[in-house]
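Numbering (our numbering), first residue to last: 79 to 524.
All remarks here apply to the structure that follows.
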Ligand code: PLZ
């Protein structure tokens, strides 16, 4: 692991109340002009960010445990990414790959072929957002199989467009009153070890799901199974070992396309390049976004050449998909991830954080579960002595963390989970400081 250089001081420093006066003034302007439907979980306005810190417009230096929802894994202003972007904008900002192609897109596709699991022949298409990648994975699966049904899971999150809303499980805030939704989406039980009946193995949980698919849809009607190898918005749910391989094997036997949605779990986040590698699962198509381009909007699907090349020329694309600036940023991001061995950094973060959070859980009965992999770590809060979700306590913990200068996001179907998603380049000292803040708050609040 080479030494990480930072531009901003890597320290927590609170100089005003939070949010401070400049953030509050911006927020007043925002309320008069930005639609109320767009929320912000952390009401401080950003001025600068680097490594593990985000500096707000009042000069407060906050520890970032959110990475803009798992995006800025290399930091929000990685020098190599910034330089690659500057270099690219000096030449051309856009041509549209569907009009005049360029090398950056091809190089990103080559990198994704090499990085994604499996040594089969692969093809890639680039888009802008995670939801767009998911939509296109489904388009390919339906065309390639000639089937309609798509299997998604309890607690799943796949986006906010019409098809991806249908795939997403949670109604409020993502779906309520936004229907009607896309048809032929079937929801099946997930493996959720903390909430499943005790002793249910991953393989048994998969069998339960498979039986339901066969009875309710029929294997011959299923185009694809789409699953997050570790669920993100749904609560950082890590399925029991055996669940993913059993589903993937069944998909293979039945000509069903197995799509791993690695938009949140991918790109070094969980200690490997992709979370599905942990159990040796090789998806037919993998969706990627977020961590891929150091903060620039880029997403991708990479999958079996025989599936992707079935689509007629012109069937896939979009004006901005694989924008050259985003591609330049992605190539620099991948270089930085390799140079700093960020998968190893993610494993190191796991070691540091898990040890302390597990010790905390042993003392605090309101912590029902601590789980995750790499730098994708969750604490699930419950009413002591039960498994009843405690969303109030969760809200209090993240609000108090912000007061003390730590950006701590929540998630989960029941809103009772805080999630740690630090930039992978966060230093040990800064991470330790954030963990101490969390420990103090949880001990006091619970
Ligand atoms: N698939 C697994 O995690 C995005 C969304 C937050 P987009 N998750 C954060 C919110 O409230 O909008 C996500 C994901 C998985 C797909 C997506 C969608 O990615 O880039 O937000 O479209």
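For every residue, glycine included, the Cβ atom is placed at its ideal position computed from N, Cα and C.
Treat the numbers as computed from the prediction; the structure is a model and nothing was measured.
- Closest by C-alpha distance to residue 450, out of 498, 373, 124 and 338, is 498.
- Nearest to residue 85 by C-alpha distance, out of 129, 214 and 365, is 129.
- For residue 242, same chain residues with a beta-carbon under 6 angstroms away, outside a window of 5 residues either side, are 209, 212 and 236 in chain order.
- The DSSP-derived three-state label of residue 350 is coil.
- Between residue 351 and residue 193, the C-beta gap is smaller than 8 angstroms, which places the two residues in contact.
- Residue range 402–417 is occupied by the alpha helix (DSSP H) that includes residue 405, with no beta strand (DSSP E) assigned at that position.
- Leaving aside the five residues that flank residue 395 on each side, the residues in its chain whose CB is nearer than 7 angstroms to its CB run, in chain order, 176.
- Excluding the 5 residues flanking it on each side, residue 500 has same chain C-beta neighbours closer than 7 angstroms at 130, 142, 143, 145, 427, 453 and 509, in chain order.
- The distance from the Cβ of residue 214 to that of residue 379 is about 5 angstroms, consistent with a contact at the 8 angstroms cut-off.
- Here residue 449 is bridged, per DSSP, to 456.
- Spanning the alpha carbons of residue 105 and residue 121 requires a straight line of approximately 8 angstroms.
- By the Cβ rule, the region 168–182 counts as touching the region 397–415, because three or more pairs are nearer than 8 angstroms.
- Per DSSP, residue 345 lies in no alpha helix (DSSP H) and is assigned neither H nor E.
- Note on the region 143–204: whole alpha helix (DSSP H) runs with a minimum of 4 residues are 145–148, 157–167 and 181–193, in chain order.
- The closest heavy atom of the ligand PLZ lies 7 angstroms or more from the beta carbon of residue 390.
- Per DSSP, the continuous beta strand (DSSP E) segment holding residue 488 begins and ends at 487–489.
- For residue 258, the closest C-alpha among the options 240, 252, 269 and 274 is that of 240.
- Under the three-state reduction of DSSP, residue 366 is assigned to strand.
- Per the coordinates, the alpha-carbon of residue 432 lies some 8 angstroms from the alpha-carbon of residue 455.
- In this chain, the alpha helix (DSSP H) harbouring residue 474 covers 469–481.
- Here residue 134 carries a strand assignment [DSSP, helix/strand/coil].
- Closest option to residue 326, judged by alpha-carbon separation, among 107, 229 and 342: 229.
- Linking residue 99 to residue 113 through their CA atoms gives a straight-line distance of about 22 angstroms.
- With a cut-off of 7 angstroms, the C-beta of residue 339 is classified as near the ligand PLZ, since at least one heavy atom of the ligand falls inside that distance.
- When the five nearest sequence neighbours on each side are left out, the beta carbons in the same chain lying within less than 8 angstroms of the beta carbon of residue 189 are those of 408, 409 and 412, in order along the chain.
- Distance from the CA atom of residue 153 to the CA atom of residue 282, rounded to whole angstroms, is 40 angstroms.
- Short note on residue 311: C-beta closer than 7 angstroms to some heavy atom of the ligand PLZ.
- For residue 306, the shortest separation between its Cβ and any heavy atom of the ligand PLZ lies below 7 angstroms.
- Distance check between residue 83 and each of 109, 136, 344 and 155 places 155 closest, using alpha-carbon atoms only.
- With respect to the 8 angstroms criterion, residue 233 and residue 344 are not classified as neighbours on the basis of their beta carbons.
- DSSP, read as helix, strand or coil, puts residue 259 in coil.
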